[in-house]
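Engineer: Those protein sequences? They're chains A and B, same order as listed. Using the working numbering, the first residue of the first sequence is number 1, and each one after it goes up by one. Using the working numbering, the first residue of the second sequence is number 403, and each one after it goes up by one. Glycine residues also receive a C-beta, built at the ideal position from the N, C-alpha and C atoms.
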Amino acid sequence: MGNRVYITGMGVVSSIGINVEENLQSLKSSKTGLCFTQFLDTIHKNKLPVCEIAYSDDALAEKLGLSVSDGYTRTSLLGLLAVKEALASAGISDMKSATTALISSTTVGGMRNTEMIYPELLSPNLRKEYTNFINSHDLGESTERIADYFGVKDFVTTISTACSSSANAIILGARLIKHGIVDRAICGGTDTLSKFTINGFNSLMILDKEHSRPFDDSRVGLNLGEGAGYIILESEALVKKENKKILAELTGYSNTNDAFHQTASSPEGHGAFLAMSEALAMTGLSKSDISYINVHGTATPNNDVSEGRAMQRLFAEELPKFSSTKPFTGHTLAACGGIEAVYAVLAIQHSLIFPSLNFKNKMNEVDIAPQTTLLENYEVNHVLSNSFGFGGNNTTIIISKA
Amino acid sequence: MKQRLYINGLGVISPQKTFDVEGFLTEPIEYHENYILALDAEYNQYINPVQIRRMSRILKMTFTASKKALQDAGIEKPDAIIAGSGYGCINDTEKFLLNMLDNTETMLNPTAFMQSTHNSVAGMVALNVKCNAYNFTYTHRGFSFETSLLDAMMWIQEGKENVLIGGFEENSVNNHIVTNKIDFWKKEKVAAFDLLKTNTIGTISGEGANFIVLSASKNEHSYCEVKDVKMCYKPNENELLEALSQFLQKNNLEIKDIDVYLTGLNGDSSMDGIYYRSMNELMKDVPVAWFKHLSGDYYTSGSFGLWVAAQICKRQEVPPILMLDGASPKKPIKNILLYNHYRNINHSFYLIQS
Numbered sequence: 001m002g003n004r005v006y007i008t009g010m011g012v013v014s015s016i017g018i019n020v021e022e023n024l025q026s027l028k029s030s031k032t033g034l035c036f037t038q039f040l041d042t043i044h045k046n047k048l049p050v051c052e053i054a055y056s057d058d059a060l061a062e063k064l065g066l067s068v069s070d071g072y073t074r075t076s077l078l079g080l081l082a083v084k085e086a087l088a089s090a091g092i093s094d095m096k097s098a099t100t101a102l103i104s105s106t107t108v109g110g111m112r113n114t115e116m117i118y119p120e121l122l123s124p125n126l127r128k129e130y131t132n133f134i135n136s137h138d139l140g141e142s143t144e145r146i147a148d149y150f151g152v153k154d155f156v157t158t159i160s161t162a163c164s165s166s167a168n169a170i171i172l173g174a175r176l177i178k179h180g181i182v183d184r185a186i187c188g189g190t191d192t193l194s195k196f197t198i199n200g201f202n203s204l205m206i207l208d209k210e211h212s213r214p215f216d217d218s219r220v221g222l223n224l225g226e227g228a229g230y231i232i233l234e235s236e237a238l239v240k241k242e243n244k245k246i247l248a249e250l251t252g253y254s255n256t257n258d259a260f261h262q263t264a265s266s267p268e269g270h271g272a273f274l275a276m277s278e279a280l281a282m283t284g285l286s287k288s289d290i291s292y293i294n295v296h297g298t299a300t301p302n303n304d305v306s307e308g309r310a311m312q313r314l315f316a317e318e319l320p321k322f323s324s325t326k327p328f329t330g331h332t333l334a335a336c337g338g339i340e341a342v343y344a345v346l347a348i349q350h351s352l353i354f355p356s357l358n359f360k361n362k363m364n365e366v367d368i369a370p371q372t373t374l375l376e377n378y379e380v381n382h383v384l385s386n387s388f389g390f391g392g393n394n395t396t397i398i399i400s401k402a
Numbered sequence: 403m404k405q406r407l408y409i410n411g412l413g414v415i416s417p418q419k420t421f422d423v424e425g426f427l428t429e430p431i432e433y434h435e436n437y438i439l440a441l442d443a444e445y446n447q448y449i450n451p452v453q454i455r456r457m458s459r460i461l462k463m464t465f466t467a468s469k470k471a472l473q474d475a476g477i478e479k480p481d482a483i484i485a486g487s488g489y490g491c492i493n494d495t496e497k498f499l500l501n502m503l504d505n506t507e508t509m510l511n512p513t514a515f516m517q518s519t520h521n522s523v524a525g526m527v528a529l530n531v532k533c534n535a536y537n538f539t540y541t542h543r544g545f546s547f548e549t550s551l552l553d554a555m556m557w558i559q560e561g562k563e564n565v566l567i568g569g570f571e572e573n574s575v576n577n578h579i580v581t582n583k584i585d586f587w588k589k590e591k592v593a594a595f596d597l598l599k600t601n602t603i604g605t606i607s608g609e610g611a612n613f614i615v616l617s618a619s620k621n622e623h624s625y626c627e628v629k630d631v632k633m634c635y636k637p638n639e640n641e642l643l644e645a646l647s648q649f650l651q652k653n654n655l656e657i658k659d660i661d662v663y664l665t666g667l668n669g670d671s672s673m674d675g676i677y678y679r680s681m682n683e684l685m686k687d688v689p690v691a692w693f694k695h696l697s698g699d700y701y702t703s704g705s706f707g708l709w710v711a712a713q714i715c716k717r718q719e720v721p722p723i724l725m726l727d728g729a730s731p732k733k734p735i736k737n738i739l740l741y742n743h744y745r746n747i748n749h750s751f752y753l754i755q756s
């Protein structure tokens, strides 16, 4: 134990860009990915806006030299694209050069594809072109597709803890490295828009028909999105041995459970407070050292009050700049922790604080306001990133300038 | 591993009489179907009436099994909760999916959606015991439970005292139809105890909720010590045997030190081939036991296998129904090697010690 863990690569695919550079430009120019779906056949398609990636499955597959009919779900394709960029940016081409883990995450796996052909899957007359999708529903499928594409063999697993999933993938990666089980880990998550999740969140009445407004008093819910975000973690020893370029350091993390309700957060954000405090304690930093908080900030009435109260309780008068990037990307479920980890590194690299779009008035319950415009030339040394989910799962990671 | 770790509590709901019974597989049940269900416990004795009304069967099963494991270990609140499941709450997922398709996305009740998330089990267990600690859910096919076990082992090294882990899976009629299209299950009905005589493709689909408390401290009630676990992803035959050799070496053991070889053979002629054959060759002088004729096969059946191994260690006996080959093991039974794989893809070794 006690080894440091560095971030040496990253990759992201979201509705605001299919690589890191495109995402950065969109974040800097306040360009959101919000639209009405062009690929999903749902009765909500002209009513509920979503953050959809403007490429068809075939177009995504083509970028990878693959054919969808071989059984590649959209979830697999998004994950593959993001991991490809992450490995390239870390300069990793040979999986055998060090022991490597792939820790991926997803909430609904191949549901997007399953729901399109489900009646046929159950009938005796399944069309031949769907044969390769019979076993593509479960959550391990996209992970194994990614592992096989890049040749990862040493350690392969999948995490699903709702919307905190990929932040938890990052925690597991760091712990495997610290225990000496692997030298490096590809960590993140992938999720696609599906009728299942749109209708699920809609039945819970937490989708906004307008553009979401995190931490604003008028917020009514979230916009769903899709995407994938992965970072490469490497051990201190490997980084030294290979003289690797370091993007940032993972200095703190914590996973707690709110233990309050199956889907809702406790009003005082007990689990969120614990996650943030424990992650901060692990870094040995003081509260005032945190430069920026990338909040979970889904814009549901429940999350933002709970998270806001926890932040206020922990930071009091020393609350750093904070913003939610969900209005850019939508809520990408399992992928958001990975995507936002990439954004945290970008904030550090480019001395930026990204704006929280659509904020006007503070919530009644908490006297705090996010950063609403792009802040440039702002020294960002330590970013605290929150990811919270159903089942009371609360995760905080802290990424620092190396 | 510097810090040793012990199994101090078990709660297992399976197709066999494993819950609330004294004996260890003394009255084995033979099934004649390729789709077998766990024996339901008296859930209302464990769950209050308000909660139980909205819970799906898998939530009742896992709630009850986890509660039993904690009671068995004599602890109220663990220091971490880790669950593993390949399909998660598949019946809730299918229920919401079918309602959505049948009602063309209108009039949907969110309960099934809320319960469909794979982490709803670990979340519910945390809620039940008001546990704010680490809470994780692994959902990787035949590694779902094994990663949970490895994670718990790391936590014990990192200083936690008690970690609750669980492997769970539920059968679903629809998922059975779908996966039958790719020959997961036998087409013909078989007598479970004769599973290895069938020589046909597919196996029998089982289910279970198997919870285990791992602890840093040994007590009079401890079942066994868990020495190590190792996962191998898509190894070829040589890589697998090499992995086993390293695994034993790391734990300062040789094959002759293994007292029982517990195998995950499942009677699928397309899956039982090469890997088990070479393992059997290697283990030819070791008494062989098996368990999938009792539990059926599923992504997290390794958790049932671990329960079997823990019971063998504690009771120092292998019930006849488990024995496959070779003489009865010599006593004392010290080292048990469990080897399992899911569809030739996710292979795992466990080393359990009395």
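Name, please, each residue of chain A whose Cβ falls closer than 7 Å to the Cβ of K583 (chain B).
Structural biologist: In chain order: L126 and I134.
Engineer: Is there a C-beta anywhere in chain A that falls below 7 Å from the one on H749 (chain B)?
Structural biologist: It does not; no Cβ of chain A falls within 7 Å.
Engineer: Would you please verify whether the beta carbon of R175 (chain A) is less than 7 Å from any beta carbon of chain B?
Structural biologist: Yes, because at least one Cβ of chain B sits closer than 7 Å to the Cβ of R175 (chain A).
Engineer: What residues of chain A sit near L503 (chain B), judged by a beta carbon separation below 9 Å?
Structural biologist: Near L503 (chain B) (Cβ distances below 9 Å), the residues of chain A are E115, Y118, P119 and K195.
Engineer: Does V5 (chain A) have its Cβ less than 7 Å from a Cβ in chain B?
Structural biologist: Not closer than 7 Å to any Cβ of chain B, the Cβ of V5 (chain A) fails to qualify, so no.
Engineer: Using CA coordinates, which residue listed in B:Q713, B:S756, B:F706 and B:I723 is at the minimum distance from L551 (chain B)?
Structural biologist: Out of B:Q713, B:S756, B:F706 and B:I723, B:F706 has the C-alpha closest to the C-alpha of L551 (chain B).
Engineer: With 16 other CB atoms within 10 Å as the buried threshold, where does M1 (chain A) fall?
Structural biologist: Any answer about M1 (chain A) is weak, because its pLDDT of 44 lies below 50 and its placement is not dependable; what the coordinates show is given next. Exposed, by the Cβ-count rule.
Engineer: Apart from the five residues on each side of it in sequence, which residues of its chain come closer than 6 Å, Cβ to Cβ, to R717 (chain B)?
Structural biologist: Cβ neighbours of R717 (chain B) beyond the five flanking positions: F426.
Engineer: Going by the DSSP bridge assignment, what does K399 (chain B) pair with across the sheet?
Structural biologist: Since the first and last residues shown for chain B are 403 and 756, residue 399 (chain B) lies out of range.
Engineer: How is N135 (chain A) classed by DSSP in three states: helix, strand or coil?
Structural biologist: Coil, per DSSP.
Engineer: With L352 (chain A) and E376 (chain A) assumed to form a contact (beta carbons below 8 Å), what rounded beta-carbon distance in angstroms separates them?
Structural biologist: At roughly 6 Å, the Cβ-Cβ gap stays under 8 Å, so L352 (chain A) and E376 (chain A) are in contact.
Engineer: Counting only beta-carbon separations shorter than 7 Å, does D183 (chain A) have a partner in chain B?
Structural biologist: Chain B contact via Cβ: absent.
Engineer: Just to make sure I have the definition right: I need the residues of chain A whose C-beta is within less than 7 Å of the C-beta of Y771 (chain B). Which are they?
Structural biologist: Residue 771 (chain B) cannot be examined here, being either before or after the span of chain B that is shown, 403 to 756.
Engineer: Between which two residues does the alpha helix (DSSP H) harbouring W557 (chain B) extend?
Structural biologist: Looking at the DSSP string, the run of the alpha helix (DSSP H) that includes W557 (chain B) is S546 to Q559.
Engineer: If I'm right that V5 (chain A) touches V12 (chain A) with Cβ under 8 Å, what's the distance once you round it to whole angstroms?
Structural biologist: The pair is not a contact, with the Cβ atoms about 20 Å apart (cut-off 8 Å).
Engineer: With burial defined as no fewer than 16 other Cβ atoms inside 10 Å of the residue's Cβ, what is the status of P722 (chain B): buried or exposed?
Structural biologist: The residue in question, P722 (chain B), is exposed, as its Cβ has fewer than 16 Cβ neighbours within 10 Å.
Engineer: Less than 7 Å separating the beta-carbons of E85 (chain A) and G109 (chain A)?
Structural biologist: No, the Cβ-Cβ distance between E85 (chain A) and G109 (chain A) is not below 7 Å.
Engineer: Can the beta-carbon of A228 (chain A) be found closer than 7 Å to that of T395 (chain A)?
Structural biologist: Not closer than 7 Å, so no.
Engineer: Can you give the Cα-Cα distance for S697 (chain B) and E609 (chain B), rounded to whole angstroms?
Structural biologist: In a straight line, the C-alpha of S697 (chain B) is about 7 Å away from that of E609 (chain B).
Engineer: Can you list, in chain order, the residues of its chain whose CB lies under 8 Å from that of G25 (chain A), leaving out five sequence neighbours each side?
Structural biologist: The sequence given here places Gln at residue 25 (chain A); Gly does not occur at that position. Excluding sequence neighbours, Q25 (chain A) sits near G17 and K31.
Engineer: Quick one: grab the DSSP three-state call for Y700 (chain B).
Structural biologist: Three-state DSSP puts Y700 (chain B) in coil, outside helix and strand.
Engineer: Please confirm if H542 (chain B) has its CB atom under 7 Å from at least one CB of chain A.
Structural biologist: With 7 Å as the cut-off, H542 (chain B) counts as an interface residue toward chain A.
Engineer: Using 10 angstroms around the beta-carbon of F36 (chain A), count the other beta-carbons present and answer buried if the total reaches 16, otherwise exposed.
Structural biologist: Classification of F36 (chain A): exposed, given that the 10 Å Cβ count is below 16.
Engineer: For S574 (chain B), decide whether its Cβ has a neighbour in chain A, counting only Cβ atoms nearer than 7 Å.
Structural biologist: Answer no: the Cβ-Cβ gap between S574 (chain B) and chain A never drops below 7 Å.
Engineer: Rounded to whole angstroms, what's the CA-CA distance from N243 (chain A) to E249 (chain A)? Just pull it up for me.
Structural biologist: N243 (chain A) and E249 (chain A): Cα-Cα distance of roughly 15 Å.
Engineer: Note down, in chain order, each residue of its chain lying with its Cβ closer than 6 Å to the Cβ of N668 (chain B), except the 5 sequence neighbours on either side.
Structural biologist: T605, K694 and D699.
Engineer: Alpha helix (DSSP H) containing F155 (chain A): first to last residue?
Structural biologist: Careful: F155 (chain A) lies outside any alpha helix (DSSP H), inside the beta strand (DSSP E) at F155 to I159.
Engineer: When burial is assigned at 16 or more other CB atoms within 10 Å of the CB, is T298 (chain A) buried or exposed?
Structural biologist: Looking at its Cβ environment, which holds 16 or more other Cβ atoms inside 10 Å, T298 (chain A) is buried.
Engineer: Excluding five sequence neighbours on each side, which residues of the same chain lie with their C-beta closer than 6 Å to the C-beta of S624 (chain B)?
Structural biologist: These residues qualify, in order along the chain: Y408 and N410.
Engineer: Assess contact between the stretch 210-223 of chain A and the stretch 300-309 of chain A, defined as three or more Cβ pairs (one per stretch) separated by less than 8 Å. Is contact present?
Structural biologist: The answer is yes - the stretch 300-309 of chain A touches the stretch 210-223 of chain A, with three or more Cβ pairs under 8 Å.
Engineer: Which one of B:E548, B:N534, B:E560 and B:N505 has the shortest CA to CA distance from G271 (chain A)?
Structural biologist: That would be B:N534, whose Cα lies nearest to the Cα of G271 (chain A).
Engineer: State yes or no: is the C-beta of I398 (chain A) within less than 7 Å of the C-beta of G252 (chain A)?
Structural biologist: Yes.
Engineer: Leaving out five residues on either side along the sequence, give the residues of the same chain with a beta carbon under 8 Å from the beta carbon of V531 (chain B).
Structural biologist: Excluding residues within five positions, the ones whose Cβ falls inside 8 Å are L472, E478, K479 and P480.
Engineer: Among A:K245, A:V342 and A:V383, which one has its Cα closest to the Cα of E22 (chain A)?
Structural biologist: The candidate whose alpha carbon is nearest that of E22 (chain A) is A:V342.
Engineer: Which value, in whole angstroms, describes the spacing of the CA atoms of N621 (chain B) and T428 (chain B)?
Structural biologist: So the alpha carbons of these two residues sit roughly 26 Å apart.
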